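This report refers to the structure that appears directly beneath it.
2 protein chains.
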Amino acid sequence: MVAQEPIRVLVVEDHHVVRQGLVALLNVVEGIEVVGEAADGMEAIAQFRRHQPNVTLIDLRLPRMGGVDVIQRIRMETPHARFIVLTTYDGDEDIYRALQAGARAYLLKGMTTDELIATIRAVHSGKSHIPPVIAQRLAERMGTEELTPREFDVLEQIVHGKSNKEIAGELDISEATVKTHINSLLGKLGVTDRTQAATAAIQRGIVPLESLRKPTS
Amino acid sequence: MVAQEPIRVLVVEDHHVVRQGLVALLNVVEGIEVVGEAADGMEAIAQFRRHQPNVTLIDLRLPRMGGVDVIQRIRMETPHARFIVLTTYDGDEDIYRALQAGARAYLLKGMTTDELIATIRAVHSGKSHIPPVIAQRLAERMGTEELTPREFDVLEQIVHGKSNKEIAGELDISEATVKTHINSLLGKLGVTDRTQAATAAIQRGIVPLESLRKPTS
DNA sequence: GCCCGCCTCCATCAATAGTTGGAGGCGGAA
DNA sequence: TTCCGCCTCCAACTATTGATGGAGGCGGGC
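Protein chains in written order, with this note's numbering: chain A, 2 to 218; chain B, 2 to 218.
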């Protein structure tokens, strides 16, 4: 193989062990050089500016600014920046938004090292790579109508266990309006009651599970 | 430091990258030797039998038999076996059951390498180690009453979006009985309606999120 | 300007869901 | 045996939820 500039990679991942593992794996690979690491969103942006990597490997779940926002922010400054999203399981919503934001590839953490390396090379040379599992979910999602902002607000409250009356109070609208929104979002989500709406929202990542911990705010 | 037998460690983790990272990290540490790796529950048991490790590092979410079951099975054969549970986030229920099953330590994947090593050494020398965050959740959980098996069945159906009538059909009991169980489990979970019960069940890991994917079985 | 989607609200109705206060059977522990 | 927890069921009631078919205002795109 001809001697070439190595692919400069930035690794953004908040779990120490996973991050160190990734770096260790990648640094022994010929033609790949890890030029930076970040454990949260802010740090990721700083590191990107400093190192201008060819490819950024990024987890979507990050402290201080989620992965999707990081991708968007960086792409505003550097439109040609290339991202590989690296995540464990995650709801469909995040996948969708990450790709919208400009990620070129999506990898589940269960992949092999070879797949990871092949994907880095592919993305660096301008290709995209979406695993079949993910592609299928995206396809399923496509038929789905978008929720309006207000419907989203209501759905969020439903997931947090609020009654219609409470939601009305919270959003400062009448209970009738809440019902209207619910009726509409039930249809869009393809479910028949609020409980199904709540689990669907969690499962699809529309409302993050973390927000359930201590929600009383 | 005096030359000693190294601590023999088995790593059980289904994500290739994470597992390889862990192994790479641990193998450079003085006094620790990774004697085996497993990517699922069955393999874990086989590897344990073969290598008889001093400490087993185990993820709770595994294909083909969950981590908790693995711990229980191994401890039946080898009661003195020592486990460190290693997991990302996970509901309280799993933590609780893992400790019940005999795990000596619980580590979140966000920990540092130093913490990991320190914990391995501690557990090997017979100590336990539960992070404060986890300990606190366990404490909160303690006041909680256990659900009866039947209540659990009903809760599961609720999470899957079934109506009372459907649940009655599914469990082959009357709708009245379903209501009785629901009334009881709402109290035990400290919630006021089925939607809250569903999100609580998911959030606490009582009903696994994965079971929501394509549940129609 | 006109249309369309979104947000807001209304009334009315039917269907679920949740509450209360029972009751009987069954099996294990004391 | 007696007690207790669990499972089963009931009636009767209230509260909540979801369905339906409106209606007006507001703002952006054509």
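C-beta atoms are modelled at their ideal positions from N, C-alpha and C, and glycine is treated no differently.
Since the structure is predicted, the reported quantities are computational estimates derived from the model, not experimental observations.
Discussion item. Whole angstroms are fine: how far does the CA of residue 158 of chain A sit from the CA of residue 217 of chain A?
Written reply: Here the model assigns residue 217 of chain A a pLDDT of 37, short of 50, so the residue's position is not dependable and the matter cannot be decided.
Practice prompt. Just the chain B side, please: which residues come within less than 7 Å of residue 15 of chain A by C-beta, in chain order?
Written response: The answer, in chain order, is 111.
Worksheet entry | Euclidean distance between Cα positions of residue 190 of chain B and residue 123 of chain A | Rounded to whole angstroms, residue 190 of chain B to residue 123 of chain A spans 49 Å at the Cα level.
Discussion item. DSSP three-state label for residue 1 of chain B, please.
Written reply: Not covered by the structure: residue 1 of chain B. The range shown for chain B is 2 to 218.
Worksheet item: Helix or strand or just coil, what does DSSP make of residue 216 of chain B?
Response: Bear in mind that a pLDDT of 41 at residue 216 of chain B, under 50, signals an unreliable position, so the model cannot answer this.
Worksheet item: Where does residue 16 of chain B fall in DSSP's three states?
Response: Here residue 16 of chain B sits in coil by DSSP.
Discussion item. Measuring only the C-alpha atoms, how far is residue 133 of chain B from residue 103 of chain B?
Written reply: Rounded to the nearest angstrom, the two C-alpha atoms are 19 Å apart.
Discussion item. Below 7 Å on C-beta distance, what does residue 158 of chain B contact in chain A?
Written reply: Within 7 Å Cβ-Cβ: nothing; residue 158 of chain B doesn't reach chain A, min ~10 Å.
Discussion item. Quick check on the burial criterion: 16 or more other C-beta atoms within 10 angstroms. Buried or exposed for residue 177 of chain B?
Written reply: So residue 177 of chain B counts as exposed.
Worksheet item: Considering only C-alpha positions, which residue in the set B:129, B:161, B:169 and B:56 is nearest to residue 208 of chain B?
Response: Considering only alpha carbons, the answer is B:161.
Discussion item. Am I right that residue 93 of chain B and residue 205 of chain B are in contact with their C-beta atoms under 8 Å? What's the rounded C-beta distance?
Written reply: Distance from residue 93 of chain B to residue 205 of chain B at the Cβ level is roughly 5 Å; contact confirmed, criterion being Cβ atoms closer than 8 Å.
Fill in: Residue nearest to residue 130 of chain A in terms of C-alpha spacing, selected from A:101, A:171, A:179 and A:105
Closest by C-alpha distance to residue 130 of chain A, out of A:101, A:171, A:179 and A:105, is A:105.
Worksheet item: Does the separation of the CB atoms of residue 145 of chain A and residue 213 of chain B fall below 9 Å?
Response: In this structure, residue 145 of chain A lies away from residue 213 of chain B, with their beta-carbon atoms at least 9 Å apart.
Practice prompt. Using the Cα positions of residue 173 of chain A and residue 182 of chain A, report the straight-line distance between them to the nearest angstrom.
Written response: Going by the C-alpha atoms only, they are around 14 Å apart.
Practice prompt. Compare the beta carbon distance of residue 28 of chain B and residue 125 of chain B with 9 Å and say whether it is the shorter of the two.
Written response: Against a cut-off of 9 Å, the Cβ pair of residue 125 of chain B and residue 28 of chain B comes out as no contact.
Fill in: Neighbouring residues, chain B, relative to residue 186 of chain A (Cβ below 7 Å)
The premise fails here: residue 186 of chain A is roughly 14 Å from chain B at the closest Cβ pair, so nothing lies under 7 Å.
Discussion item. Within a Cβ cutoff of 6 Å, which residues of the same chain sit near residue 9 of chain B, ignoring the five residues on either side of it in sequence?
Written reply: Non-local C-beta neighbours of residue 9 of chain B in its own chain, meaning closer than 6 Å and more than five positions away in sequence, comprise 34, 36, 54 and 55, ordered along the chain.
Item to complete: Taking residue 37 of chain B as part of the beta strand (DSSP E), name the residues at either end of that continuous run.
Response: The continuous beta strand (DSSP E) containing residue 37 of chain B extends over residues 33 to 39.
Worksheet item: Ordered along the chain, which non-local residues of its own chain (more than five positions away) have a Cβ less than 8 Å from that of residue 110 of chain B?
Response: Taken in chain order, the residues that qualify are 19, 87, 88 and 89.
Item to complete: Identify the continuous alpha helix (DSSP H) that holds residue 83 of chain A and give its terminal residues.
Response: Looking at the DSSP string, residue 83 of chain A is not in any alpha helix (DSSP H); the run it does join, the beta strand (DSSP E), is 83 to 88.
Discussion item. Is residue 197 of chain B close to chain A? Criterion is C-beta to C-beta, closer than 9 Å.
Written reply: With a threshold of 9 Å between beta carbons, residue 197 of chain B makes contact with chain A.
Practice prompt. Could you tell me which chain B residues have their CB closer than 8 Å to the CB of residue 137 of chain A, listed as they occur along the chain?
Written response: Per Cβ cutoff of 8 Å: no residues; residue 137 of chain A is ~12 Å from chain B at best.
Item to complete: Determine which residues share a DSSP beta bridge with residue 10 of chain A and list them.
Response: Residue 10 of chain A is bridged to A:35 and A:56.
Discussion item. Just to confirm my understanding: we take residue 61 of chain B, look at its own chain, exclude 5 residues before and 5 after, and list those with CB closer than 7 Å. What are they?
Written reply: Here the set comprises 67, 68, 69, 86, 88, 91, 95 and 99.
Fill in: First through last residue of the alpha helix (DSSP H) which encompasses residue 156 of chain B
150 to 160 is the span of the alpha helix (DSSP H), which, as asked, contains residue 156 of chain B.
Worksheet entry | Within-9 Å CB hit, residue 203 of chain B to chain A | It does: the Cβ of residue 203 of chain B has a partner Cβ on chain A nearer than 9 Å.
Discussion item. Given this structure, state the Cα-to-Cα distance separating residue 187 of chain B from residue 193 of chain B, to the nearest angstrom.
Written reply: Their backbone Cα atoms lie some 6 Å apart in a straight line.
Worksheet item: If you check the beta carbons only, do residue 139 of chain B and residue 97 of chain B fall under 9 Å apart?
Response: Their beta carbons are under 9 Å apart, which means residue 139 of chain B touches residue 97 of chain B by this criterion.
Discussion item. For residue 151 of chain B, which residues in the same chain have their Cβ closer than 7 Å to its Cβ, ignoring the five residues on either side in sequence?
Written reply: Setting aside the 5 residues that flank it on each side, residue 151 of chain B is surrounded in the same chain by 182, each with a C-beta closer than 7 Å to its C-beta; the list follows chain order.
Worksheet item: Would residue 125 of chain A count as contacting chain B if we go by Cβ distances under 9 Å?
Response: Judged by the 9 Å Cβ criterion, residue 125 of chain A is not in contact with chain B.
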